[in-house]
Ligand code: AMP
Ligand code: MG
């Protein structure tokens, strides 16, 4: 199949005709990749089991890994779910539209092909104006995981999507680079106490402020222990994986820089192609290796924004090992470290 690329010149003034064909493709069971504020999504009609199946095929994604249904207005939620718990109402009011996904008990309308066989459904209302308009014009809820091949870093630019999906989907809507750069926060609101299944830009601190108490799925915090099943089925896969062996180095900054330089020299001595992930603040401290700044340490949103692009670049450059600085695990750092520790296969060195 030939993939058509549609460029949106001005996301503030989207022309109806730019999205008409894509909306029709979605309505008729085809695949459209489009920007959201988190990462690029690979969309299909969430109510059409056959369409959802195409997403799994295009991504090479295991079919027990459920999809998030995206809506364009609050009134589109009720038909998809059995009930809207009080916690969900508070969160919708505070964070929708935005980078927050909630897990509800599903209604009969939502096929198991979308939910990976689960009785629950994940729903999000994105804030990105292109995403919103496309979903609203399609006039169906849109199931949309990240528009990358399974196991690759999530796409944060249209070019990333093109690398992975050209020839596999009908249309790519190019809306430029995304804003946030990490996937949405996922909160399960079906139980007594709302539980974070995946950290994101809506942070645990923000959720606690709105809800009082929230729990966090233990699968987020460390490597999965034998026998513990993560509540978000997708978390069990080695997501976000760069091709290189990645090691995170944490501790006092000066020691971290020294350790990374030592490890990098050693690996280069063994003839390996070495990547280093640092920040603007430390860029000048690394004399050797392929050195990339991931953003400004003092502004962690920039780190979230650049993380996947940097990992992809190291893939493209053929880096064999990557040594990376690490970040504090609070606020948006929790989401950053969740993705980074997974990318590193939980290989973390602590220096004193
Ligand atoms: P992605 O679309 O690639 O961002 O991944 C979607 C994530 O949402 C995966 O980790 C899924 O496991 C999770 N998810 C989707 N639906 C559900 C659900 N019903 N219950 C728990 N987790 C879900
Ligand atoms: Mg994904």
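In this note's numbering, the protein residues as written are 279 to 630. Glycine residues also receive a C-beta, built at the ideal position from the N, C-alpha and C atoms.
Sequence-distant residues of its chain with Cβ nearer than 6 Å to residue i (five each side left out)
{"i": "residue 446", "result": "336"}
{"i": "residue 372", "result": "488"}
{"i": "residue 533", "result": "629"}
{"i": "residue 437", "result": "none"}
{"i": "residue 558", "result": "571, 574"}
{"i": "residue 363", "result": "467"}
Cβ-Cβ distance between residue i and residue j below 8 Å
{"i": "residue 611", "j": "residue 578", "result": "yes"}
{"i": "residue 435", "j": "residue 587", "result": "yes"}
{"i": "residue 423", "j": "residue 315", "result": "no"}
{"i": "residue 313", "j": "residue 478", "result": "no"}
{"i": "residue 332", "j": "residue 391", "result": "no"}
{"i": "residue 244", "j": "residue 418", "result": "The requested residue 244 is not part of the displayed model; the chain covers only 279 to 630."}
{"i": "residue 520", "j": "residue 425", "result": "no"}
{"i": "residue 368", "j": "residue 525", "result": "no"}
{"i": "residue 474", "j": "residue 451", "result": "no"}
{"i": "residue 347", "j": "residue 421", "result": "yes"}
{"i": "residue 398", "j": "residue 481", "result": "no"}
{"i": "residue 496", "j": "residue 624", "result": "no"}
{"i": "residue 626", "j": "residue 619", "result": "yes"}
{"i": "residue 317", "j": "residue 461", "result": "yes"}
Residue i to residue j span [Cα, whole Å]
{"i": "residue 219", "j": "residue 359", "result": "Outside the displayed range of the chain (279 to 630) lies residue 219, so it cannot be described from this structure."}
{"i": "residue 466", "j": "residue 329", "result": "25 Å"}
{"i": "residue 470", "j": "residue 510", "result": "17 Å"}
{"i": "residue 428", "j": "residue 339", "result": "5 Å"}
{"i": "residue 541", "j": "residue 617", "result": "22 Å"}
{"i": "residue 395", "j": "residue 293", "result": "38 Å"}
{"i": "residue 444", "j": "residue 334", "result": "15 Å"}
{"i": "residue 493", "j": "residue 561", "result": "37 Å"}
{"i": "residue 573", "j": "residue 385", "result": "42 Å"}
Proximity test, residue i beta-carbon vs the ligand COA heavy atom, cut-off 7 Å
{"i": "residue 461", "result": "Because the ligand COA does not appear in the structure shown, any question about it cannot be addressed here, the ligands present being the ligand AMP and the ligand MG."}
Proximity to residue i [Cα-Cα], best of the options
{"i": "residue 580", "options": "459, 622, 594, 618", "result": "459"}
{"i": "residue 279", "options": "481, 449, 487", "result": "449"}
{"i": "residue 483", "options": "468, 496, 463, 627", "result": "463"}
{"i": "residue 432", "options": "605, 609, 584", "result": "584"}
{"i": "residue 281", "options": "310, 304, 291, 606", "result": "310"}
{"i": "residue 416", "options": "365, 321, 361", "result": "321"}
{"i": "residue 305", "options": "558, 326, 318, 317", "result": "326"}
{"i": "residue 536", "options": "619, 564, 476", "result": "564"}
{"i": "residue 456", "options": "485, 476, 407", "result": "407"}
Sequence-distant residues of its chain with Cβ nearer than 7 Å to residue i (five each side left out)
{"i": "residue 430", "result": "442"}
{"i": "residue 522", "result": "553, 592, 597, 598, 599, 600"}
Other residues of its chain near residue i: CB distance less than 8 Å, five sequence neighbours each side excluded
{"i": "residue 546", "result": "552, 566, 567"}
{"i": "residue 595", "result": "551, 553, 568"}
Quiz item: Is the region 585-602 touching the region 545-554 in the sense that three or more CB pairs, one from each, lie closer than 8 Å?
Solution: They touch, by the three-pair rule.
Quiz item: Counting pairs of Cβ atoms below 8 Å between the region 411-427 and the region 291-302, do you hit three or more?
Solution: At 8 Å Cβ cutoff, the stretches touch.
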